[in-house]
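Peer 1: Remember, the numbering used here sits 30 above the position in the sequence shown when you count from 1.
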Amino acid sequence: MVLFFVLDYQQKYRLFTTEAFQVGEVRFSRWQTLWTKAKEKLLLLPPRILHQEQALAQILKHDPSSIDILVSGRVQLPKLHRKFAFFLQKQKTSHLGLIIGEILLLPISGLAALLPGPNVFFGFLALLLNTHWRAWRGVRRLQSKKLVFKPHPLLQEWEEAVENQACHHYPAILQKLNESFQYSHFSKILWK
Numbered sequence: 031m032v033l034f035f036v037l038d039y040q041q042k043y044r045l046f047t048t049e050a051f052q053v054g055e056v057r058f059s060r061w062q063t064l065w066t067k068a069k070e071k072l073l074l075l076p077p078r079i080l081h082q083e084q085a086l087a088q089i090l091k092h093d094p095s096s097i098d099i100l101v102s103g104r105v106q107l108p109k110l111h112r113k114f115a116f117f118l119q120k121q122k123t124s125h126l127g128l129i130i131g132e133i134l135l136l137p138i139s140g141l142a143a144l145l146p147g148p149n150v151f152f153g154f155l156a157l158l159l160n161t162h163w164r165a166w167r168g169v170r171r172l173q174s175k176k177l178v179f180k181p182h183p184l185l186q187e188w189e190e191a192v193e194n195q196a197c198h199h200y201p202a203i204l205q206k207l208n209e210s211f212q213y214s215h216f217s218k219i220l221w222k
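1. Taking Cβ to Cβ, would you say Thr48 is nearer than 9 Å to Gln212?
2. Is the distance from the Cβ of Ala162 to the Cβ of Ile129 below 9 Å?
3. Verify whether the separation of the beta carbon atoms of Gly131 and Pro181 is less than 9 Å.
4. For Lys176, which residues from the same chain have a beta carbon less than 7 Å from its beta carbon, with the 5 sequence-adjacent residues on both sides left out?
5. To which residues of the same chain is Ser139 closer than 6 Å at the C-beta, ignoring the five residues directly before and after it?
6. Between the segment 108-119 and the segment 186-196, do three or more beta carbon pairs fall short of 8 Å?
7. Quick one: what's got a C-beta closer than 7 Å to Leu158's C-beta in the same chain, skipping five residues either side?
8. Sort out for me which residues DSSP pairs Phe46 with in a bridge.
9. Distance check for Leu204 and Ser245, CA to CA, integer angstroms please.
10. Examine the ligand SAH and report whether any of its heavy atoms sits within less than 8 Å of the Cβ of Leu110.
11. Does Ser95 come out as helix, strand or coil in the three-state DSSP assignment?
12. Please state whether DSSP places Pro76 in a helix, a strand or coil.
13. Taking Ala85 as the reference, which of Arg167, Val105, Lys206 and Leu107 has the closest Cα?
14. Helix or strand or just coil, what does DSSP make of Lys180?
15. Report the CB separation of Pro77 from Lys206 in whole angstroms; it is logged as a contact under 8 Å.
16. For the alpha helix (DSSP H) that Arg104 lies in, which residues bound it at each end?
17. Taking the beta carbon of Ala202 as the centre, do at least 16 other beta carbons fall within 10 Å, making it buried, or is it exposed?
18. Looking at Gln121 and Ala87, is the spacing between their C-beta atoms short of 9 Å?
19. Between Val169 and Leu118, is the Cβ-Cβ spacing less than 9 Å?
20. Which two residues bound the contiguous alpha helix (DSSP H) that contains Ile203?
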């Protein structure tokens with residue numbers, strides 16, 4: 031599994047992977063409509079957040095002794111380790127807060143069952159809770175792994191353009207990244 035740890039156009043670090051992610055399926059046909067609508071609502075989350083959550087959840091599927099993380103190489107390795115450790119701790123704390131809030135809202139969302147039709151609010155909240163729970167577990171697993179930071183020249187080119195606020199270079203660099211990694215979501219994650 032390869033992760034990316036890169037600055038976006040707002041100079042905030044983003045963590046994501048190019049591996050495909052599928053939200054789980056339900057086995058019972060009567061829940062199928064609710065689950066489908068809840069997945070549609072979940073996919074409306076901003077791509078920067080959704081892809082990060084999915085990357086953290088993907089870590090649970092892989093259990094290698096070390097994880098490769100592609101970076102720009104502009105930051106010295108000890109400082110990068112500290113930045114990444116701080117980033118993970120911040121993610122762990124925020125996910126725990128979100129999980130607690132969602133658990134408190136879950137019983138209230140059950141009241142929407144009195145309304146006709148499927149309780150989409152409950153389904154969405156349950157799916158969001160599941161996503162945050164898996165991401166929180168992924169952060170914990172990632173904190174215990176050996177991390178191998180590997181610089182990539184295209185990521186360095188991207189971060190230099192961001193630092194210099196050279197917006198006119200963004201599309202060309204993002205296109206190179208898309209072609210290099212056969213992944214079409216770089217612009218959604220790193221730019222607009």
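From the three backbone atoms N, C-alpha and C, an ideal C-beta is built for every residue, glycine too. For clarity, every value in this text was computed on a predicted model and none was experimentally measured.
Peer 2: Working from what's here:
1. Your numbering for residue 48 matches position 18 in the sequence shown. Your numbering for residue 212 matches position 182 in the sequence shown. Taking 9 Å as the Cβ cut-off, Thr48 and Gln212 qualify as a contacting pair.
2. Taking the sequence shown and counting its residues from 1, the one referred to as residue 162 is at position 132. Taking the sequence shown and counting its residues from 1, the one referred to as residue 129 is at position 99. The question names Ala, but residue 162 in the sequence shown is His. For the 9 Å CB-CB criterion, His162 and Ile129 form a contact.
3. Against the sequence shown, residue 131 aligns to sequence position 101. Against the sequence shown, residue 181 aligns to sequence position 151. Cβ atoms of Gly131 and Pro181: not closer than 9 Å.
4. Along the sequence shown, read from residue 1 onward, the residue named residue 176 stands at position 146. Closer than 7 Å at the Cβ level, and outside the excluded window around Lys176, lie Ser95 and Ser96.
5. Here the question's residue 139 lines up with position 109 in the sequence shown. Only Phe151, Phe152 and Leu155 meet the Cβ criterion.
6. The segment 108-119 makes no contact with the segment 186-196, as fewer than three CB pairs between them are under 8 Å.
7. Counting from one through the sequence shown, the residue named residue 158 turns up at place 128. Answer for Leu158: Leu72 and Glu132, listed in chain order.
8. Within the sequence shown, residue 46 is the residue found at index 16, counting from 1. DSSP lists Phe34 as partners of Phe46.
9. Here the chain has residues from 31 to 222 only, and residue 245 is not among them.
10. This structure lacks the ligand SAH, and indeed carries no ligand of any kind.
11. Looking up residue 95 in the sequence shown gives position 65. Three-state result, Ser95: coil.
12. The residue you call residue 76 lines up with position 46 of the sequence shown. Three-state DSSP puts Pro76 in coil, outside helix and strand.
13. One-based indexing of the sequence shown puts residue 85 at position 55. Checked all of Arg167, Val105, Lys206 and Leu107; the closest Cα to Ala85 is Arg167.
14. On the sequence shown, position 150 is the one that residue 180 refers to. Lys180 falls in the strand class under three-state DSSP.
15. Mapped onto the sequence shown, residue 77 falls at position 47. Mapped onto the sequence shown, residue 206 falls at position 176. At roughly 19 Å, the Cβ-Cβ gap does not stay under 8 Å, so Pro77 and Lys206 are not in contact.
16. Counting from one through the sequence shown, the residue named residue 104 turns up at place 74. Taken as a continuous stretch (DSSP letters only), Arg104 belongs to no alpha helix (DSSP H), as it is neither H nor E.
17. Working through the sequence shown from its first residue, we reach residue 202 at position 172. Under this definition Ala202 is an exposed residue.
18. In the sequence shown, residue 87 corresponds to position 57, counting from 1. In the sequence shown, residue 121 corresponds to position 91, counting from 1. Contact: no.
19. Position 139 of the sequence shown, counted from the first residue, corresponds to residue 169. Position 88 of the sequence shown, counted from the first residue, corresponds to residue 118. Yes, they are a contact pair.
20. Counting from 1 along the sequence shown, the entry for residue 203 is found at position 173. Per DSSP, Ile203 belongs to the alpha helix (DSSP H) from Tyr200 to Phe211.
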